Each structure stands twice: as structure tokens, then as C-alpha cells.
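So for the sequence shown, full-length UniProt numbering puts the first residue at 1; every next one is plus one.
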Amino acid sequence: MRLDDLLSTSWRMVKRHQSRYRTVMIAIVLGTVGFIMIRTLADSVRSKVSENLELIGGASVLSTLWEDRRTPWHLGEYLSRDAERLRKLPHVMLVAPIRFTERNLKASQGHEATEARELQMTCVDENYWETISPHLHRGRLIDASDVAKRSAVCVLHEELVPEIFGITDPLGKTVYVGSYTYTVIGILGGPANTEICRSVFIPLSLAARHIGHLRQFTSMQVRVESLEKVKSVRSQLEAVLKASHPGYEDGIKVRYHASRLERVNLIMFLVTMFSYAALATVFILGKVGLTNVMLSAVQERTREVGLRKALGATDSTIRSQFAVECVLVSLISGSLGGFLGILVSLALKQLFGLEMSVYVLSVSVLLDLCITTAIGFLAGSYPSRVASRLDIVTAMRFD
């Protein structure tokens, strides 16, 4: 049989029995759409998911500290030029300089009855909040305007509020810390470490005047753009800082939350594996379903096979027709799934602001067509072989 006759005959049989293939085609279409979506948008989705996960645990935040063997801490050893150098490094999203005091301050409304003790003054800029992902309970955080204007404002944690203000609403009220006064503009909530709970946060620009004449920073928080770059950026940070402070290399430390990073990476790995496992399951079910449908078709068309053999059709002709039918079903399903996959990927890109590569999308569609064609060939190989081996007399007598 010529190739065009084979294709024409197989196409007519697929159209005639389209209701039989409907369920299998839907499964292949869904698998195709999912495959294209994951291949095309996986990197962008993974980036956004990991970004939100690490925001919770701070897995991509590095802390530059100054540790010395003679004394536990050297306060205020990093300079503005250090922060500028770190900002220029690749894969660094932001750098947040910090200046804080020892935890020996007191804060009040102006009378001893509601005095909070063992506090520290923490001077931050607008970037600091993106490194700790705080839960803002009320009000607002210190922003760039507060830093630029040197506004005498502060942010407190909700645990401090009863100690200083009792049951009074703190927003807009004045808090006294030493000889300086600050207006409360925000209240942090949620669980936090002791350093945050016992801190009075003020703009970084007030540090030199309010907690000492030095303009250095106690530490710096560095946010890395992706989890995969944390370790490499850490090495770069240490190299830059040690080069900037010759003779003090042993005291410079850059730390990151290794356990948090491992947990987030594990979650992302499991999510990725689950997605691909689900896709593989859909494709396998499609193959098994297509194989069963073709076996059923062979049984229903037994007399037809016998009649064609009686009229001179060879085993290879029968085998080729059933195999081509199966491949056609897969190709139609794969093409439809590819078209829908492109539409869904474009819709998700616009809806959620995801990044999508046209090259990856094109490769994904072509790869999917290859996979669905292979599925069709494999699914049709056994049924077509069964059909080609039917005995003419037995097939003609089949009822």
C-alpha cells in the first residue's frame, strides 16, 4: 500500500471511531498542556515560589559581621564605601547597613511608671525590611523619605508596646529614649527574635547624632537574588570586605542560614519532582489507555481484518494501518495540546507577570510532539502486531 493511501485510510478510520479515542485524547492533551507549562514557566515559577519561601525564612539573606578574637564584637567597623562595593557585586539585590547599640537602653512615655528596660537602638534604612520580611501589625515602616529627612520617628514591636504605653494606642505618640524623642509610626507583629522584639528602630541617618559620632555600621544585611547564588555570593562578599580591611581579615565573617537554605531547596526539589511525576503519570495513562483502545479496536474490527487479508492485504499492511492510526491520534492530541499549552502559558505570563522564553516555548512544543509521537508508536505497536497475526479463516468467522 502506498504511503498516501495508508495515511488516507488511517485518517478515515480515526474520524469514524473518534468517539472511541475521545477520553484518551483528552488525557494526552492535558498532559501536553502541563508539560509545556512546566517546561516554559518552571524557572519563573520556581523563582517566585523560592522568593516567597525564602522571605519567610530569610534563606537568601547574608549577614556581614565583624568578629574579633580579643573582644566579642567590634561595633561600627563597616563603612559606606563597603556597602557601595557590595551593591556592585553580581546577584546582589540590595544591601542594608545597620547600626545598633548594646542592649542597655530604657524607653518610656516620659515617666517611670511605664518604662521598658534592656532595649537596643537599631538604625536602619528602607532596605532593611526586605531582609527580615516583618509582619507590619499597624502603621508603616521607616522608608527612604524618613532616612533622607532624618525624621525623628521609630518602629516598635508589639511586645514592647505594653511596657512603654500600657493600654494606650502608641501610633503617633512620643517615646523617650535617653535624651531623644521619637514619634511611633509603626508596630511590628508576629513572632520575632529577641533582637527585633527589644529594638527601637530609627532611621539610619540619625545614627551618628543619636548613638555616637561614628559613621560606621555594625553590620550589613545582604539580599541575594536567588537561592542558587547564596554560597557563591557569600565568598565574593568575604573577599571584597577582607580586601577593603587589610590586617583584619580574621575578624570579618559573612554568615547565612544554611539549614533554612537547605529546607527551601528541598521544598523546591520536591515540588519540581512532584510536577514531573504527575506529568509522567498522565502520559503513561494516556499510553496505556491508547493501547487498550487499540486492542479493543482490533477485536471489533476482526472481520474487517480477515476480509482485507482475503482480498490480498499483507500482514505488514494491516500492522502499518493500525500503527499509523495510533500515531495519528497521538499527533492530533499533541498538536491540540501544544496549541492550548501556548495559550495557557501566555495567559499565565500576563496574569502573574511570569517570565517566558520564546525559544524554550518553541523547543517545548517540538519536544512534546516528539514525545506524543513516540507514545503513539509504542502504544500501537502491540495492537497492530496482534491484528496482523490474525488468521484469515478465524477472522472471517468471528462474530
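Heads up, the beta-carbon is just placed ideally off N, CA and C, and yes, glycines get one too. In this text, all values refer to a predicted model and were calculated from it rather than measured experimentally.
Taking the CB atoms as reference points, tell me whether residue i and residue j lie closer together than 7 Å.
i    : j    : result
L41  : L354 : yes
L336 : V29  : yes
V155 : I167 : no
F322 : S259 : no
V240 : R81  : no
T281 : G334 : no
I196 : A107 : no
I375 : K309 : no
T131 : V61  : yes
V329 : F377 : no
Y128 : A152 : no
S364 : R2   : no
V305 : L390 : yes
V184 : P170 : yes
Go ahead and pull the three-state DSSP assignment for residue i.
i    : result
I387 : With the sequence shown as reference, residue 387 is identified as Ala, and Ile is not the correct amino acid for it. Helix at A387.
R22  : helix
T131 : helix
G178 : coil
M13  : helix
A280 : helix
A379 : helix
A152 : coil
T357 : A quick correction: the sequence has Ser, not Thr, at residue 357. In this structure, S357 counts as coil in the three-state DSSP scheme.
Q299 : helix
V233 : helix
P170 : coil
S63  : strand
Give the straight-line distance between the Cα atoms of residue i and residue j, rounded to the nearest whole angstrom.
i           : j    : result
K149        : R99  : 18 Å
Y382        : T291 : 8 Å
residue 401 : V271 : Residue numbering for the chain in the displayed model covers 1 to 399; residue 401 lies beyond these limits and cannot be assessed.
L94         : S275 : 32 Å
K242        : L65  : 12 Å
Q299        : V293 : 10 Å
G286        : G341 : 17 Å
L89         : R22  : 55 Å
G34         : Y180 : 60 Å
P72         : E238 : Per-residue confidence for P72 stands at a pLDDT of 48, beneath the threshold of 50, marking its modelled position as unreliable; the derived number appears in the next sentence. Rounded to whole angstroms, P72 to E238 spans 19 Å at the Cα level.
F352        : S345 : 11 Å
A387        : L366 : 31 Å
T314        : A278 : 41 Å
L206        : V264 : 36 Å
T32         : G338 : 6 Å
Y359        : A27  : 26 Å
S10         : R319 : 11 Å
I36         : M273 : 16 Å
For residue i, which residues of its own chain have a beta-carbon under 8 Å away from its beta-carbon, when the five flanking residues on both sides are left out?
i    : result
M121 : F100, T101, L105, V177, S199, V200, I202, H210, I211
Counting only the same chain and skipping the five closest in sequence on each side, list residues whose C-beta sits under 7 Å from that of residue i.
i    : result
P246 : none
H17  : A297
L79  : Q216
Return the chain-ordered list of same chain residues with a C-beta closer than 6 Å to the C-beta of residue i, the five sequence neighbours on each side being excluded.
i           : result
residue 415 : Residue 415 is absent from the structure shown; the chain starts at 1 and stops at 399.
M13         : E325
R117        : K106
L97         : It is Pro, not Leu, that sits at residue 97 in the sequence shown. Cβ neighbours of P97 beyond the five flanking positions: A83, F217, M220.
Under the criterion of a Cβ to heavy atom distance below 6 Å, does residue i qualify as lining the ligand NAP?
i    : result
K106 : No copy of the ligand NAP occurs in the structure displayed, which carries no ligand at all.
| message | Check whether the segment 222-233 and the segment 133-151 are in contact - that is, three or more C-beta pairs closer than 8 Å. | response | no
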